[in-house]
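So for the sequence shown, this note's numbering puts the first residue at 47; every next one is plus one.
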Amino acid sequence: MIKTLIVDDSSLVRNIIRDFLERDGSFEIIGEAENGLEGVSKAQLLAPDLITMDIEMPLMNGLDAIDEIKKVLSTAIVVISSHDTAKMAYDATVRGAFEFYSKDMFLSRMTDQQRERTIGTLKQISGIKKRIPVQKKDVYKERIEMRQINAVVIAASTGGPNALNKIFSAIPKEFPVPIILVQHNISGFDLSFVQWLNGCTPLQVILARENTIPVKGNIYVAPTDRHLVIGEVGLAFNDSGPINNQKPAADMLFKSAAELYGKSLISVVLTGMGSDGAEGTRYVKNAGGITLSQDEASSMIYGMPQSAIDTGCVDMVLSVEMVAPRLIFLANENGKI
């Protein structure tokens with residue numbers, strides 16, 4: 047059983063979260079707290095496997111509570127937030143929260159797919175313990191070739207906001223090519239995510255719009271629940287069904303980008319559950335592009351990077367700290383690897 051502590055100042059919300067978790071049969075609610083201060087005290091006393099954390103609460107807010115809990119425990123924390131605190135929910139991921147969800151998703155009727163994905167994620171991250179970083183060299187295949195780089199595509203899921211913060215904060219405003227991003231986002235906070243990312247990077251972050259031609263210095267983010275693709279006329283949306291349970295799916299973006307850019311494309315697969323980005327990596331590789339993947343030591347969940355690596359089509363396996371320097375080098379040195 048996954049021992050769980052629920053922290054929220056609303057008794058209604060606490061009851062709804064309790065019912066949602068207990069219905070699965072894998073979660074045992076060992077405590078509840080109605081403010082951050084009480085949440086910190088009960089976390090230290092009960093040592094739960096999982097904590098659900100509200101943001102706006104009396105006495106101590108969720109962000110400060112996460113800071114205090116992370117000083118002594120490696121417990122997985124997920125934020126369950128309202129739309130008016132969505133930007134702070136992303137701040138929570140930088141402070142150590144593993145995932146975040148919209149309260150609206152729990153308060154309304156959740157789809158079977160949303161329930162399955164949410165329960166699956168909570169089960170997986172509850173088993174993650176604090177890692178001792180593995181010191182190792184970044185791995186890449188020796189291949190010397192010159193080519194013009196015209197775009198970067200990135201896939202990220204659970205743990206993605208924190209990884210993206212580290213990467214984008216280290217990329218300069220003068221980065222010479224556009225970046226197109228699929229971040230799995232079940233919360234629906236895509237606009238808040240864009241606003242938050244804009245505070246993390248000197249680049250301009252934009253929620254993708256149809257018929258936009260990507261230009262250098264910009265990061266284009268796929269909206270929630272719409273596949274993002276690119277073609278000769280620019281960005282476009284595809285409303286077909288989920289691919290590997292994901293919508294938007296990075297595989298669809300990577301494939302379209304590989305067809306358009308060929309060997310002038312770089313793809314990056316970051317932390318996350320599942321295998322999205324793996325087939326896309328194969329498309330990019332077969333089109334002559336450069337393929338990168340995050341390493342296990344710096345990934346919160348290694349599913350997506352590992353799946354990409356298992357295709358045999360990844361050129362470089364990098365720690366999250368090395369992704370930005372490598373992208374800067376490749377984009378400015380005409381793709382020499």
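In this text, a Cβ means the ideal position worked out from N, Cα and C, and glycines have one as well.
query = Nearest to Glu305 by alpha carbon, out of Met156, Val199, Met103, Asp95?
reply = The count along the sequence shown starts at 1 and reaches residue 305 at position 259. Per the Cα distances, Val199.
key: 8 Å CB neighbourhood of Leu92 in its chain, flanking five on each side removed   = In the sequence shown, the residue the question calls residue 92 occupies position 46. Only Lys49, Leu51, Ile76, Gly77 meet the Cβ criterion.
task = Give the C-beta separation of Ser286 and Ala324 to the nearest angstrom, bearing in mind that I take them to be a contact with Cβ-Cβ under 8 Å.
result = Locating residue 286 in the sequence shown gives position 240, counting from the first residue. Locating residue 324 in the sequence shown gives position 278, counting from the first residue. So it is not a contact: roughly 19 Å between Cβ atoms.
request  = Please say whether Val366 and Ser339 have beta carbons closer to each other than 7 Å?
outcome  = Taking the sequence shown and counting its residues from 1, one reaches residue 339 at position 293. Taking the sequence shown and counting its residues from 1, one reaches residue 366 at position 320. The answer is no: Cβ separation not under 7 Å.
query = Considering only residues of the same chain and omitting the five flanking positions on each side of Lys133, which have a CB-CB separation below 7 Å?
reply = Here residue 133 refers to the residue found at position 87 of the sequence shown. Around Lys133: Ser238, Gln241, Trp242.
message = Helix, strand or coil, according to DSSP, for Gln194 in the structure here?
response = Reading the sequence shown from its first residue, position 148 is the one you call residue 194. In the structure shown, Gln194 sits in coil (DSSP, three-state: anything other than H, G, I, E or B).
ask   = Is the distance from the Cβ of Ala268 to the Cβ of Ala254 below 7 Å?
value = Position 222 of the sequence shown holds residue 268. Position 208 of the sequence shown holds residue 254. In contact: Ala268 and Ala254 (Cβ atoms closer than 7 Å).
query = Quick one: complete beta strand (DSSP E) runs, 3+ long, within the region 309-382?
reply = 311-315, 336-340, 362-364
Contact check, Ala122 vs Ile165, beta carbons under 7 Å = On the sequence shown, position 76 is the one that residue 122 refers to. On the sequence shown, position 119 is the one that residue 165 refers to. No, the pair does not count as a contact, with Cβ atoms beyond the cut-off.
query = Three-state secondary structure (DSSP) at Ile259?
reply = Here residue 259 corresponds to residue number 213 of the sequence shown, with the count starting at 1. Reduced to three states, the DSSP call for Ile259 is coil.
inquiry  = Please state the DSSP three-state secondary structure of Ile101.
reply    = Here the question's residue 101 lines up with position 55 in the sequence shown. Reduced to three states, the DSSP call for Ile101 is coil.
query = Under a Cβ-count criterion, where at least 16 other Cβ atoms within 10 Å of its own Cβ denotes burial, should Phe66 be classed as buried or exposed?
reply = Along the sequence shown, one-based indexing puts residue 66 at 20. Answer is buried; the Cβ neighbour count reaches 16.
ask   = Which value, in whole angstroms, describes the spacing of the CA atoms of Gln229 and Asn284?
value = Taking the first residue of the sequence shown as 1, we reach residue 229 at position 183. Taking the first residue of the sequence shown as 1, we reach residue 284 at position 238. Straight-line Cα distance between these residues: approximately 16 Å.
key: Inter-residue Cα distance where the pair is Ala333 and Val314   = Against the sequence shown, residue 333 aligns to sequence position 287. Against the sequence shown, residue 314 aligns to sequence position 268. Each residue's alpha carbon lies about 15 Å from the other.
Beta-ladder partner(s) of Gly77, from DSSP = For the purposes of this step, residue 77 is taken as the residue at position 31 of the sequence shown. According to DSSP, which records beta bridges pairwise, Gly77 is partnered with Leu51.
ask   = Applying the criterion that 16 or more other CB atoms from any shown protein chain within 10 Å of the CB defines a buried residue, is Lys149 buried or exposed?
value = Locating residue 149 in the sequence shown gives position 103, where the first residue counts as 1. Buried: at least 16 other Cβ atoms inside 10 Å.
ask   = Per DSSP, what kind of secondary structure is Ile232 in: helix, strand or coil?
value = As a working note, residue 232 is residue 186 in the sequence shown. In the structure shown, Ile232 sits in coil (DSSP, three-state: anything other than H, G, I, E or B).
query = Helix, strand or coil: which one does DSSP assign to Ala143?
reply = Translated into positions along the sequence shown, residue 143 becomes position 97. Coil.
query = Short check: CB of Pro260 to CB of Pro224, under 7 Å?
reply = Position 214 of the sequence shown, counted from the start, is the residue given in the question as residue 260. Position 178 of the sequence shown, counted from the start, is the residue given in the question as residue 224. Pro224 sits close to Pro260, with the two beta carbons spaced by under 7 Å.
query = Taking C-beta to C-beta, are Asp113 and Asn81 nearer than 7 Å?
reply = Locating residue 113 in the sequence shown gives position 67, counting from the first residue. Locating residue 81 in the sequence shown gives position 35, counting from the first residue. In this structure, Asn81 does not lie closer than 7 Å to Asp113 by Cβ.
key: Same chain, Cβ closer than 6 Å to Thr258, neighbours up to 5 away in sequence not counted   = The residue you call residue 258 lines up with position 212 of the sequence shown. Gly280, Leu281.
message = Please return the same chain residues whose Cβ sits closer than 8 Å to the Cβ of Leu109, not counting the five positions on each side in sequence.
response = Residue mapping note: residue 109 aligns to position 63 of the sequence shown, counting from 1. Taken in chain order, the residues that qualify are Ile101, Met134, Asp137, Ala138, Arg141.
ask   = Just curious, the beta strand (DSSP E) that Asn284 is in, first and last residue?
value = Stepping through the sequence shown from its first residue, residue 284 is reached at position 238. It spans 280-284 - the beta strand (DSSP E) in which Asn284 sits, taken as one unbroken run.
inquiry  = Rounding to the nearest angstrom, what Cα-Cα distance links Thr204 and Phe235 in this structure?
reply    = For the purposes of this step, residue 204 is identified with residue 158 of the sequence shown, where counting begins at 1. For the purposes of this step, residue 235 is identified with residue 189 of the sequence shown, where counting begins at 1. Cα-Cα distance, rounded: 14 Å.
request  = Buried or exposed for Lys219, please, with buried defined as at least 16 other CB atoms from any protein chain shown within 10 angstroms of its CB.
outcome  = Numbered from its first residue, the sequence shown carries residue 219 at position 173. With fewer than 16 other Cβ atoms within 10 Å, it is exposed.
Range covered by the alpha helix (DSSP H) that runs through Ala122 = Within the sequence shown, residue 122 is the residue found at index 76, counting from 1. Segment 122-127 is the beta strand (DSSP E) holding Ala122; no alpha helix (DSSP H) there.
query = For Ile213, which option in Cys246, Ser321, Ile355, Ile126 has the closest C-alpha, if you only look at C-alpha atoms?
reply = Walking along the sequence shown from the start, residue 213 turns up at place 167. The option with the nearest alpha carbon to Ile213 is Cys246.
message = Quick check on the burial criterion: 16 or more other C-beta atoms within 10 angstroms. Buried or exposed for Ile178?
response = Translated into the one-based positions of the sequence shown, residue 178 becomes position 132. Reliability fails at Ile178, whose pLDDT of 44 lies under 50, so the model's placement of it is uncertain and no value is given.
message = With distance defined between alpha-carbon atoms, name the residue in Lys301, Pro222, Ala296, Ser344 nearest to Met368.
response = Counting from 1 along the sequence shown, the entry for residue 368 is found at position 322. Nearest of Lys301, Pro222, Ala296, Ser344 to Met368, Cα basis: Ser344.
key: Per-residue DSSP class, three states only, for Asn244   = Here the question's residue 244 lines up with position 198 in the sequence shown. Residue state, collapsed to three classes: helix.
query = Since Ala201 sits in a beta bridge, which residues does DSSP pair it with?
reply = Along the sequence shown, one-based indexing puts residue 201 at 155. Paired residue(s): Val228, Val315.
ask   = Taking Cβ positions, are Leu83 and Leu105 nearer each other than 7 Å?
value = Taking the sequence shown and counting its residues from 1, the one referred to as residue 83 is at position 37. Taking the sequence shown and counting its residues from 1, the one referred to as residue 105 is at position 59. A contact, by the Cβ cut-off of 7 Å.
query = Is Pro222 closer than 7 Å to Lys262 when the C-beta atoms are compared?
reply = Here the question's residue 262 lines up with position 216 in the sequence shown. Here the question's residue 222 lines up with position 176 in the sequence shown. Yes.
message = For a quick check, are the C-beta atoms of Thr317 and Ala197 less than 7 Å apart?
response = Within the sequence shown, the letter at position 271 stands for residue 317. Within the sequence shown, the letter at position 151 stands for residue 197. No, the pair does not count as a contact, with Cβ atoms beyond the cut-off.
query = For the candidate residues Met99, Ile97, Leu153, whose alpha-carbon lies nearest to that of Leu58?
reply = Position 12 of the sequence shown, counted from the first residue, corresponds to residue 58. Closest option to Leu58, Cα to Cα, is Leu153.
ask   = So, using beta-carbon positions, are Ala201 and Asp341 closer together than 7 Å?
value = Working through the sequence shown from its first residue, we reach residue 201 at position 155. Working through the sequence shown from its first residue, we reach residue 341 at position 295. Contact: no.
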